[in-house]
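Reviewing the structure listed below.
In my numbering, the protein residues as written are 9 to 517.
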């Protein structure tokens with residue numbers, strides 16, 4: 009029985025195994041995003057100064073580790089393209105698999121460090137955030153880089169992304185299960201639950217990467233299974249000529265001349281900010297805008313759905329991308345965000361059902377947009393290779409450089425959000441310690457009753473004006489992005505032409 013199961017796993021399409029890696033990240037990361045702040049503020053009682061110091065250091069490290077790890081991984085690929093050089097090679101792909109097999113289990117172990125008090129809260133907060141983000145960055149960089157290394161055409165890449173979205177949706181079910189064990193007064197059950205999740209992730213990373221490595225090591229040169237609707241991928245042995253590699257300063261100078269890259273990171277910075285703003289303030293909006301109108305179970309259901317729906321919705325968005333192109337779909341989502349926000353502003357905070365729909369849809373469409381943007385980065389990888397005539401696409405490095413500019417939005421979201429709320433309403437989450445009430449939706453203290461009307465109005469304005477501002481800024485920057493239509497077809501044709509003249513042997517996986 010066990011041998012039969014292993015045989016079935018080995019014959020799974022490569023795209024399915026690649027997508028399954030998203031499952032082993034999402035089952036942990038969604039729980040982390042939902043509970044780590046509440047754990048340190050309400051359970052470990054971290055003080056305000058330590059929290060801000062930890063967030064500030066995390067902001068710096070979170071921005072720098074992506075380009076740092078990308079540079080260490082891909083700097084060998086930055087030299088000038090030589091005639092007849094290949095697009096992709098088994099060594100490059102196997103290098104990504106080996107990195108995932110090592111860093112995936114370490115990522116799961118770092119996840120466990122949050123849920124046991126083993127140091128001063130301020131020190132533990134800082135060390136846990138930096139360690140967790142380091143391993144998450146390594147996993148994300150190599151997983152996203154494979155999206156560019158394994159396929160060139162938009163159809164093939166959307167197929168790979170389809171499985172990532174499908175498995176991410178399955179992984180989001182961990183959010184629903186976590187409600188059954190989450191108890192700030194008794195942490196034992198939640199810790200056991202987190203250990204079980206981490207063990208599943210470790211086993212999944214080990215098994216998936218081992219299957220992928222065996223497949224590519226056995227075949228050397230590979231072709232996607234025809235049933236997965238992916239085209240042939242020609243993979244040849246990497247041949248690195250003896251030539252001078254460019255320096256980091258020269259690479260940054262090349263990026264500064266990459267016009268589409270600059271406009272994309274401007275747009276994506278706003279997108280990352282908006283995604284994390286929604287994640288950070290979703291429970292707060294539920295508490296102060298809807299707590300008197302809906303039950304606790306309804307609020308929990310909305311929160312859980314907001315984590316799963318973006319992945320399921322993304323399956324439909326990917327089918328639209330195949331027909332209309334990623335650029336048009338992303339632009340349409342920006343217009344939709346703007347229209348929905350204006351309608352909600354005009355309707356006011358007293359329309360309960362409309363408010364429920366808006367709070368949920370705002371997060372769903374924003375997260376869905378984030379998940380489409382990896383396809384745009386893979387197109388930028390192609391353009392970077394063509395513009396600078398590289399001998400190999402530096403996909404992990406370009407993903408890292410995108411993160412260098414956009415990841416500060418993760419830290420700016422809670423900082424700017426809490427500052428705006430405090431400036432408008434005088435509401436300070438540290439002085440009044442309301443987070444335990446926000447997440448669990450318990451009845452508010454009577455002493456806060458006088459503040460509630462102003463706080464409710466402030467939350468509503470924050471809810472609608474942030475997406476309006478973000479949508480306007482994104483539409484402005486996205487209108488300047490030219491890597492779509494005929495230009496995108498030309499870039500892909502030039503990248504494909506780099507392998508013309510060779511006839512590598514291919515085999516079906």
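Yeah, the Cβ is synthetic: ideal placement off N, Cα and C, and Gly gets one too.
Bear in mind that the values here come from a model prediction, so they are computed numbers and not experimental data.
Note down the Cα distance separating residue 221 from residue 155, rounded to an integer number of angstroms. Stepping through the chain shown from its first residue, residue 221 is reached at position 213. Stepping through the chain shown from its first residue, residue 155 is reached at position 147. Spanning the two alpha carbons is a distance of roughly 16 Å.
Checking 8 Å against the spacing of the C-beta atoms, do residue 433 and residue 462 come in under that value? In the chain shown, counting from the first residue as 1, residue 433 sits at position 425. In the chain shown, counting from the first residue as 1, residue 462 sits at position 454. Closer than 8 Å, so yes.
Would you kindly report the start and end of the unbroken alpha helix (DSSP H) that includes residue 73? If you number the chain shown from 1, residue 73 lands on position 65. Counting along the chain, the alpha helix (DSSP H) containing residue 73 begins and ends at 56 to 82.
Could you give the residue range of the alpha helix (DSSP H) that holds residue 340? By one-based count along the chain shown, residue 340 stands at place 332. From DSSP, the alpha helix (DSSP H) with residue 340 extends over 334 to 355.
Write down the C-beta distance between residue 175 and residue 27 rounded to the nearest angstrom, noting that I regard them as a contact closer than 8 Å. To locate residue 175, count along the chain shown from 1; it is residue 167. To locate residue 27, count along the chain shown from 1; it is residue 19. So it is a contact: roughly 5 Å between Cβ atoms.
Of all the options 423, 494, 333 and 492, which has the alpha carbon lying nearest to the alpha carbon of residue 63? Translated into the one-based positions of the chain shown, residue 63 becomes position 55. Ranking 423, 494, 333 and 492 by Cα distance to residue 63 puts 423 first.
Kindly say whether residue 115, judged by its beta-carbon, lies nearer than 8 Å to any beta-carbon of chain B. In summary, chain B is missing from the structure at hand, where a single protein chain is found.
Would you tell me roughly how many angstroms separate the C-alpha atoms of residue 123 and residue 199, rounded to the nearest one? Taking the chain shown and counting its residues from 1, one reaches residue 123 at position 115. Taking the chain shown and counting its residues from 1, one reaches residue 199 at position 191. So the two alpha carbons sit approximately 6 Å from each other.
Between the Cα of residue 431 and the Cα atoms of 416, 465 and 419, which residue gives the shortest distance? Walking along the chain shown from the start, residue 431 turns up at place 423. Checking every option, the nearest Cα to that of residue 431 belongs to 465.
Rounded straight-line distance, which links the Cα of residue 276 to that of residue 170: Position 162 of the chain shown, counting from 1, holds the residue named residue 170. Position 268 of the chain shown, counting from 1, holds the residue named residue 276. So the alpha carbons of these two residues sit roughly 21 Å apart.
So the alpha helix (DSSP H) residue 398 belongs to, where does it begin and stop? The residue given as residue 398 occupies position 390 in the chain shown. Element bounds for residue 398: n/a, residue is neither H nor E.
Going by CA-CA distance only, name the one from 180, 406 and 493 that's closest to residue 337. As a first step, residue 337 is located in the chain shown; it is residue number 329 there, counting from the start. Residue 493 is the option with its Cα nearest to residue 337.
Specify the secondary structure class of residue 296 as computed by DSSP and reduced to three states. Taking the chain shown and counting its residues from 1, one reaches residue 296 at position 288. In this structure, residue 296 counts as helix in the three-state DSSP scheme.
Could you tell me whether the Cβ atoms of residue 157 and residue 101 are closer together than 8 Å? Locating residue 157 in the chain shown gives position 149, where the first residue counts as 1. Locating residue 101 in the chain shown gives position 93, where the first residue counts as 1. Cβ atoms of residue 157 and residue 101: closer than 8 Å.
Work out the CA separation of residue 486 and residue 503 for me, nearest whole Å. For this step, residue 503 is matched to residue 495 along the chain shown. For this step, residue 486 is matched to residue 478 along the chain shown. Between residue 503 and residue 486, the C-alpha separation is close to 24 Å.
Find out if the Cβ-Cβ distance for the pair residue 180, residue 34 is shorter than 8 Å. Translated into positions along the chain shown, residue 180 becomes position 172. Translated into positions along the chain shown, residue 34 becomes position 26. Going by C-beta atoms, residue 180 is nearer than 8 Å to residue 34.
Give me, in chain order, the residues of the same chain whose beta-carbon lies closer than 6 Å to that of residue 196; leave out the 5 immediate sequence neighbours on both sides. In the chain shown, counting from the first residue as 1, residue 196 sits at position 188. So the list is empty, once near-sequence residues are dropped.
For the region 475 to 486 against the region 340 to 352, are there 3 or more C-beta pairs whose distance is under 8 Å? yes
When the Cα atoms are used, what is the spatial distance from residue 162 to residue 318? Here residue 162 is taken as the residue at index 154 of the chain shown, counted from 1. Here residue 318 is taken as the residue at index 310 of the chain shown, counted from 1. If I take the Cα positions, the gap works out to 21 Å.
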